[in-house]
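Reviewing the structure listed below.
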Amino acid sequence: MRNSRIAGVGHYVPERVVSNKDLEKLMDTSDEWIRERTGIVERRYFQEGIDTTSNMGAQAARKAIKAAGIEASDLDMIVFATLSPDYFFPGSGVLLQRELGIKEIPALDIRNQCSGFVYALSIADQFIKTGMYNHVLVVGSEIHSSGLDFSTRGRGVSVIFGDGAGAVVLSPSESNDKGILSTHLHADGEFAEELAVLDPGSNKNARLTHEMLDSESIYPQMNGNLVFKHAVSRFPEVIQEALQKNGYQASDIDMLVPHQANLRITSYIQQKMGLPADKVMSNIHKYGNTTAASVPIALSEAVEEGRIKDGDLVCLAAFGSGFTWASALIRW
Ligand code: UT7
Numbered sequence: 001m002r003n004s005r006i007a008g009v010g011h012y013v014p015e016r017v018v019s020n021k022d023l024e025k026l027m028d029t030s031d032e033w034i035r036e037r038t039g040i041v042e043r044r045y046f047q048e049g050i051d052t053t054s055n056m057g058a059q060a061a062r063k064a065i066k067a068a069g070i071e072a073s074d075l076d077m078i079v080f081a082t083l084s085p086d087y088f089f090p091g092s093g094v095l096l097q098r099e100l101g102i103k104e105i106p107a108l109d110i111r112n113q114c115s116g117f118v119y120a121l122s123i124a125d126q127f128i129k130t131g132m133y134n135h136v137l138v139v140g141s142e143i144h145s146s147g148l149d150f151s152t153r154g155r156g157v158s159v160i161f162g163d164g165a166g167a168v169v170l171s172p173s174e175s176n177d178k179g180i181l182s183t184h185l186h187a188d189g190e191f192a193e194e195l196a197v198l199d200p201g202s203n204k205n206a207r208l209t210h211e212m213l214d215s216e217s218i219y220p221q222m223n224g225n226l227v228f229k230h231a232v233s234r235f236p237e238v239i240q241e242a243l244q245k246n247g248y249q250a251s252d253i254d255m256l257v258p259h260q261a262n263l264r265i266t267s268y269i270q271q272k273m274g275l276p277a278d279k280v281m282s283n284i285h286k287y288g289n290t291t292a293a294s295v296p297i298a299l300s301e302a303v304e305e306g307r308i309k310d311g312d313l314v315c316l317a318a319f320g321s322g323f324t325w326a327s328a329l330i331r332w
């Protein structure tokens, strides 16, 4: 079995910048509260008619494909992670495939929320390991801003989310000491409704009713404190699992790229793992929580800023709705 490696990475964020001060005009919140509780200063929101989940994914994908030194026509498969697809169905993977003009290769959609990108990466890795495919495009893209409750009722959730996209191209590694060393995926459906959008859904006679439009059920509902508690235990656990599997310790990590859920969660993980701040990627102040897009955007920026070098040990980790959590250990 051969390893896969990240041959190219890229990201795209919409142009429109929305600051905490902008949100103060819509709901009872404050720049101070948002910064202190989350570390977020601003986020990006899509513009209707310009950005879609699939075309933002395609923009990120074009950069990743270029960085990998291949053509879109060399791709063998697309794995697209999102909780905010363009349509209820079909998934955004086929729309991205159409946008890139690469007909007939398979396009798979992954619905694992904040862990979606790491799940998608793991799936792509298996296809390369078995020799079935050579180049797999893995995308995480989200538009949250069209589905948030911007009244004071929704302030506990709406202030944290932002829009954006990131992508990587996975290709075979020249050596088994390099590339993705292992991936670790977990879920616990016991907590499914603790962070969820319940409507519209297929479990009611009418998927969408006038009553729903006035209720909270069409917006993300989050038991923030409970999610926070689970996040701070699952993140270190799944990072340790990846390290142990490969005979490493936390001090061997050159760059940890966690899902950007909350700066307080990231700081807690950093302290728990005993890592210096410069070995933990954080860009939540600029983009907020972009769910499936957050790990590839952070990874792309870390590479762009020269913070990941050839031979570095890189760990990706995520936790979110489901609950789901996951990690990947990579020798760059
Ligand atoms: O992406 C993966 C999954 N998501 C996460 O990992 C997120 C995990 N959870 C969190 O990050 C935090 O729970 C939040 C940032 C969402 C909330 O922070 P918190 O410190 O847990 O605040 P809280 O929900 O306990 O609320 C504290 C107070 C409440 O007021 P009272 O009851 O103390 O008077 C809230 O009503 O803050 C109030 N509050 C706000 N105030 C101003 C909640 N949201 C806001 C807001 N602006 N946006």
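Quick note: our numbering has the sequence shown finishing at residue 332, numbered continuously throughout. Cβ atoms here follow ideal geometry from the backbone N, Cα and C, with glycine treated the same way. Computed from a prediction, not measured in an experiment: that's the story for all the values here.
Straight-line CA distance for Leu208 to Ser215? 11 Å
Apply the 10 Å Cβ neighbour rule to Tyr103 and answer buried if 16 or more other Cβ atoms are within range, or exposed otherwise. Residue 103 is actually Lys in this sequence, not Tyr. Lys103 is exposed by the Cβ-count criterion.
Is it the case that the CB of Phe191 approaches a heavy atom of the ligand UT7 more closely than 7 Å? no
Leu170 versus Pro296, Ala326, Ile265 and Ser217, residue with shortest Cα-Cα distance: Pro296
Using a Cβ-Cβ cut-off of 6 Å (strictly less than) and excluding sequence neighbours within five positions of Ala120, which residues of its own chain qualify? Val79, Ala81, Ile110 and Val138
Please classify Ala107 as buried or exposed, where buried requires at least 16 other C-beta atoms within 10 Å of its C-beta. buried
Measuring straight from C-alpha to C-alpha, what distance separates Ser115 and Glu211? 32 Å
Which residues share a DSSP beta bridge with Asn289? Phe161
Going by DSSP in three states, Ser84 sits in which element: helix, strand or coil? coil
Going by beta carbon distance, what residues of the same chain come within less than 6 Å of Val18, once the five residues before and after it are set aside? Arg43 and Tyr45
Cβ-Cβ distance between Gln337 and Gly306 below 8 Å: Lying before the first or after the last residue shown, residue 337 is absent from the chain, which here runs from 1 to 332.
Counting pairs of Cβ atoms below 8 Å between the region 187-204 and the region 159-175, do you hit three or more? no
Starting from the C-beta of Asn205, find all residues in its chain whose C-beta is less than 7 Å away, skip the five residues before and the five after it, and write them out in chain order. none
Quick check: is any heavy atom of the ligand UT7 less than 7 Å from the C-beta of Phe235? no
When you compare the region 309-324 with the region 222-239, are there three or more beta-carbon pairs, one atom per stretch, that lie closer than 8 Å? yes
Compare the beta carbon distance of Ile40 and Ile284 with 8 Å and say whether it is the shorter of the two. yes
So, helix, strand or coil for Glu24, using DSSP? helix
Quick one: Cα of Leu26 to Cα of Phe89, how far? 32 Å
Count the C-beta pairs between the region 28-38 and the region 64-78 that are closer than 8 Å, then say yes if the count reaches three, no if not. no
Using only the alpha-carbon positions, how far apart do Ser92 and Pro85 sit? 6 Å
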